[in-house]
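First comes the structure, then the notes that go with it.
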Amino acid sequence: MRLKELREKKGVSQLKLAMDLNMNQNSVSRYETGARQADYETLIAFADYFNVSVDYLLERTENPKINK
């Protein structure tokens, strides 16, 4: 998952991201390292936060744009 890359590119700390999405920093860390897999709602929340598609977040495409 591109979570860490997107977070760092936006200049947001794990703690800030966690607070913005109403989760704890430990969860964000585990998502970034792959120790924990995000459920659908969490994936959508991350994608919406960074304004990218879920497919981009999950490295299924190189195109970050949301296709509507």
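For the sequence shown, counting from 1, position 26 maps to 16 in the numbering used here; every step adds exactly one.
Glycine included, each C-beta is placed from N, C-alpha and C at the ideal position.
These numbers were taken from a predicted model, which means no experiment stands behind them.
Residue i - containing alpha helix (DSSP H), residue span
| i | result |
| --- | --- |
| L(-4) | -7 to 0 |
| I56 | Run containing I56: none; DSSP gives neither H nor E here. |
| L11 | Careful: L11 lies outside any alpha helix (DSSP H) and carries neither H nor E. |
Simplified DSSP assignment, three categories, for residue i
| i | result |
| --- | --- |
| T23 | helix |
| A28 | coil |
| S43 | coil |
Assumed close pair residue i, residue j - CB separation to whole angstroms, cut-off 8 Å
| i | j | result |
| --- | --- | --- |
| I34 | V44 | 7 Å |
| L11 | Y46 | 18 Å between Cβ atoms; not a contact. |
Residue nearest to residue i in terms of C-alpha spacing, selected from the options
| i | options | result |
| --- | --- | --- |
| M9 | F36, Y30, K(-1) | F36 |
| Y21 | K0, L(-4), G1 | L(-4) |
| E(-2) | Y30, K55, S19 | S19 |
Residue-chain proximity (residue i, chain D), Cβ-Cβ < 7 Å
| i | result |
| --- | --- |
| D29 | Of the protein chains in the structure, only one exists, and it is not chain D. |
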